[in-house]
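Here's the structure, in structure tokens; my notes come after.
Here it is in structure tokens:
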């Protein structure tokens, strides 16, 4: 297939990204290059790579959807999953709910011990700096 100059520049941008993510080299002489890019675009986690693959497919007049039906089913299943209920929140222990990477996680609140103020902590420290006594 003859590639347009715009497609070649986009493929040049993808070369290092595809090699870093999948360990594959992109060669313009490969006859199955666009099919390979299509499969790698669906597997890629980088948004730039996914968008660039979609642009290349549009320039090559290939109908391409980055989200196949299996991926859409997985996203729908994750969205429909109910949130877990906190167990016995009135038991005297406090829980905090934190969103971590899209998932809600409930954790016990942990109080950090506060060090007691002692006389040594209140007394300024004495140091030497360039021959002068400095109190901190």
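Numbering (this note's numbering), first residue to last: 4 to 139. The beta carbon of each residue, even a glycine, is placed where N, CA and C say it ideally should be. For clarity, every value in this text was computed on a predicted model and none was experimentally measured.
Residue 131: member of the beta strand (DSSP E) spanning 129-132, first to last residue.
Here the alpha carbon of residue 107 sits roughly 10 Å from the alpha carbon of residue 99.
One Cα belongs to residue 101, the other to residue 131, and the distance between them is close to 47 Å. Nearest to residue 63 by alpha-carbon distance, out of 70, 41, 50, is 41.
A direct Cα-Cα distance of roughly 14 Å separates residue 29 from residue 55.
Beyond the five residues adjoining it in sequence on each side, residue 69 comes within less than 8 Å, by CB distance, of 44, 45, 53, 56, 57 in the same chain, given in chain order. Assigned with DSSP and collapsed to three states, residue 47 falls in coil, not helix or strand. Taking the Cα positions, residue 8 is about 21 Å away from residue 67. Going by DSSP, residue 99 is part of the beta strand (DSSP E) stretching over 98-103.
DSSP places residue 11 in the uninterrupted alpha helix (DSSP H) bounded by 8-25.
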